[in-house]
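> In this note's numbering, the protein residues as written are 12 to 418.
Backbone N, C-alpha and C define an ideal beta-carbon position, used for all residues, glycine too.
No experiment lies behind these values; they were computed from the predicted model shown.
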């Protein structure tokens with residue numbers, strides 16, 4: 012114990028001595044002189060323009076059908092996957108009592124006003140979840156599909172009787188022979204019978220882990236014999252979930268101003284930005300402390316969080332392109348990590364750091380092919396931002412603060 016006290020006393024004395032040195036008022040003198048200079052550069056002559064890609068919302072957490080904000084969603088496709096449960100149809104020990112197709116939504120007002128919502132079935136493949144767009148469905152019809160009866164609607168509540176979500180249920184028993192065929196692709200199409208102003212949002216396979224996924228549910232009885240030769244009948248159910256789904260967005264009726272620059276997933280509006288900047292733009296050996304791209308916007312129709320992605324362009328094959336074209340796929344390939352960034356704008360402008368890319372341009376590690384700016388995939392597809400393109404008082408710019416050695 013004495014040794015411990017002695018050790019602690021010595022540490023305390025050293026600590027007090029250290030504090031006394033650090034707190035002395037006499038400054039440490041040095042002959043150090045820095046030749047580093049902090050300077051700024053503002054790039055204002057930015058070239059910002061729109062380009063259009065036919066919308067594909069495969070990663071969205073909702074399915075849509077109908078019309079909203081001028082965007083037509085004529086139908087949504089749902090593909091039900093393969094499963095060992097389909098073999099139950101030919102299993103002599105199993106009796107299938109009913110087969111149901113289920114979808115889910117969370118709008119209590121829609122429970123009593125679904126409109127002429129219809130479900131159709133086809134044993135063929137009609138869509139590619141990651142590639143299909145409205146450009147693929149000119150003249151498309153479900154006239155030769157199997158039309159199902161109207162759905163039943165069940166509102167689900169919690170223990171306090173508060174509304175949680177609704178369940179749409181179609182009886183599809185008549186399709187069981189087709190569904191159980193291993194050679195078919197089980198495709199359902201959801202649409203309104205009339206081309207009117209109805210609109211509906213439902214959960215897609217991206218929204219949850221199976222609980223509210225589109226699904227087919229088999230209700231059946233399994234018969235077995237026990238060791239005492241008694242017959243046992245179990246009443247069971249099994250779910251087969253969607254393997255792909257996609258809403259087809261057609262924005263051709265949406266009016267776009269030629270003088271506006273906008274971002275919107277539902278319309279397919281994206282932005283390409285080019286600007287003059289290369290390895291001679293800053294003094295040799297410069298180190299960029301900060302570089303922010305600032306784009307003010309005129310208006311925003313945003314219902315929730317709206318994230319914007321900026322990504323340097325890897326390819327420069329489309330240095331000139333016709334902005335009136337609608338591309339089936341994005342013509343610009345992004346560089347990606349570590350330069351690709353996603354963030355939300357503030358109330359008046361979009362501000363994002365482009366420091367890493369610009370530093371590597373002046374170092375000669377990357378080429379300046381500009382940036383593409385897109386709405387993040389999971390943004391609400393009917394949200395949009397309208398950027399200011401020609402406003403001298405609030406112009407778009409890149410503000411750079413950098414350090415260089417003037418020697």
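Can you tell me the Cβ-Cβ gap for residue 63 and residue 279, rounded? I've got them flagged as a contact below 8 Å.
With a Cβ gap of about 5 Å, residue 63 and residue 279 count as contacting.
> I think residue 384 touches residue 284, with their Cβ atoms under 8 Å apart; what is that distance to the nearest whole Å?
Confirmed, Cβ separation roughly 6 Å.
> Assuming residue 369 is part of the alpha helix (DSSP H), what are its boundary residues?
It spans 366 to 373 - the alpha helix (DSSP H) in which residue 369 sits, taken as one unbroken run.
> Please say whether residue 96 and residue 191 have beta carbons closer to each other than 7 Å?
No, these two residues do not count as a Cβ contact at 7 Å.
> Name, in chain order, the residues that DSSP records as bridge partners for residue 106.
Answer by DSSP bridge pairing, in chain order: 232.
> Can residue 244 be considered in contact with the ligand HEM, in the sense that its beta carbon sits closer than 6 Å to one or more heavy atoms?
In terms of ligand content, the structure shown is empty, and the ligand HEM therefore cannot be addressed.
> On the criterion of 16 or more Cβ atoms from any shown chain inside 10 Å, does residue 211 qualify as buried, or is it exposed?
By the neighbour-count rule (16 or more Cβ atoms within 10 Å), residue 211 is buried.
> Helix, strand or coil: how does DSSP classify residue 60 here?
DSSP places residue 60 in strand when its eight states are reduced to three.
> Measure the C-alpha to C-alpha separation of residue 126 and residue 87 and round it to an integer number of angstroms.
Each residue's alpha carbon lies about 16 Å from the other.
> Helix, strand or coil: which one does DSSP assign to residue 181?
In this structure, residue 181 counts as strand in the three-state DSSP scheme.
> Express the C-alpha separation of residue 407 and residue 318 in angstroms, rounding to a whole number.
One C-alpha to the other measures close to 19 Å.
> Quick one: Cα of residue 70 to Cα of residue 363, how far?
If you take the alpha carbons of residue 70 and residue 363, they lie about 24 Å apart.
> State yes or no: is the C-beta of residue 181 within less than 7 Å of the C-beta of residue 130?
Going by C-beta atoms, residue 181 is nearer than 7 Å to residue 130.
> Relative to the alpha-carbon of residue 155, which residue among 199, 169 and 255 has its alpha-carbon at the smallest distance?
Measuring from the Cα of residue 155, the nearest candidate turns out to be 199.
> Measure the alpha-carbon distance for residue 409 versus residue 183 and round it to whole angstroms.
Answer to the nearest angstrom: the Cα atoms are 59 Å apart.
> Kindly indicate which three-state DSSP category residue 250 falls into: helix, strand or coil?
Residue state, collapsed to three classes: strand.
> For the segment 151 to 168 against the segment 230 to 237, do three or more pairs of beta-carbon atoms, one drawn from each stretch, fall closer than 8 Å, so that the two count as touching?
No, because fewer than three Cβ pairs between the segment 151 to 168 and the segment 230 to 237 fall closer than 8 Å, the two stretches do not touch.
> Is it true that the CB of residue 128 sits closer than 7 Å to the CB of residue 392?
Going by C-beta atoms, residue 392 is not nearer than 7 Å to residue 128.
> With residue 285 as the anchor, note down where its beta strand (DSSP E) starts and where it stops.
Element bounds for residue 285: 280 to 285.
> Looking at the unbroken beta strand (DSSP E) that takes in residue 187, where does it start and where does it end?
Segment 187 to 190 is the alpha helix (DSSP H) holding residue 187; no beta strand (DSSP E) there.
> Pull up the CB-CB distance for residue 323 and residue 376, whole angstroms please, since I reckon it's below 8 Å.
Residue 323 to residue 376, Cβ: 12 Å. No contact.
> Could you check whether residue 274 and residue 8 sit closer than 7 Å to each other, using their CB atoms as the reference points?
No statement about residue 8 is possible, as the shown extent of the chain runs from 12 to 418 and does not include it.
> Report buried or exposed for residue 18, applying the criterion of at least 16 other Cβ atoms within 10 angstroms of its Cβ.
Low local confidence applies: a pLDDT of 40 at residue 18 is under 50, so the model's placement there is unreliable, and no value is given.
> Using a Cβ-Cβ cut-off of 6 Å (strictly less than) and excluding sequence neighbours within five positions of residue 341, which residues of its own chain qualify?
Within the same chain, residue 341 has close Cβ partners 64.
> Pull up the distance between the alpha-carbon of residue 197 and that of residue 209, whole angstroms please.
One C-alpha to the other measures close to 26 Å.
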